[in-house]
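Worksheet: the structure to be examined is printed underneath.
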Amino acid sequence: MYELVEHTADIRIRVRAASREELFADALRGLMAVVDPHGLTAGAAGAEISIDAPDTTVLLVDFLNEALSRAHADREIYTKVTFGRLTDTNLTARLEGVRVEGFGEDVKAVTYHEAEVREHAGEWSTLLVLDI
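Just so you know, the sequence shown maps onto residues 0 to 131 in numbering that gives the first Met the number 0.
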């Protein structure tokens with residue numbers, strides 16, 4: 000589950016999930032909702048991502064920034080992610096979605112500011128700040 004949180008200069012997304020995999024997938028869905036894709040075009044879209052990072056928080060932020068970069072470069076929106084591997088420090092993933100004509104919100108990046116992936120009592124959570 001993701002929730003948009005009001006902020007004066009940026010957009011925040013609070014993400015909570017039952018597993019690390021769900022946290023990453025819900026964070027991606029939240030990010031794609033914020034970029035507000037419009038004008039779906041014909042054709043499926045997809046990308047393969049492989050990332051190594053020093054910890055889970057950096058891994059999540061880097062994953063989202065890679066997906067955002069590819070979405071903008073290829074004019075795609077990703078609606079599904081399948082993880083081949085997802086550990087504390089690395090992942091491989093297949094993104095699937097559709098091509099779009101453009102985006103309504105210009106999200107420049109997912110920042111490391113305030114981001115901290117936590118796991119407590121079986122719930123994973125984080126707060127993400129998007130630079131717009």
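Backbone N, C-alpha and C define an ideal beta-carbon position, used for all residues, glycine too.
Check, Outcome
"C-alpha distance - L27 paired with I131, whole-angstrom precision", "16 Å"
"Limits of the beta strand (DSSP E) - the one that T81 falls within", "75 to 85"
"Closest by C-alpha distance to A44, when choosing among T88, E100, L90", "E100"
"Whole-angstrom distance between T88 and L76, CA atom to CA atom", "Residue identity check: residue 76 is Ile in the sequence provided, not Leu. Taking the straight line from one Cα to the other gives about 25 Å."
"Three-way DSSP call (helix, strand, coil) for D9 in this model", "coil"
"Own chain partners of T78 with C-beta closer than 6 Å, once the 5 adjacent residues on each side are dropped", "G96"
"For F82, the nearest candidate out of T40, A46, G103 (CA to CA)", "A46"
"Reduced DSSP category for H37 - H, G, I as helix; E, B as strand; rest coil", "strand"
"Reduced DSSP category for V116 - H, G, I as helix; E, B as strand; rest coil", "coil"
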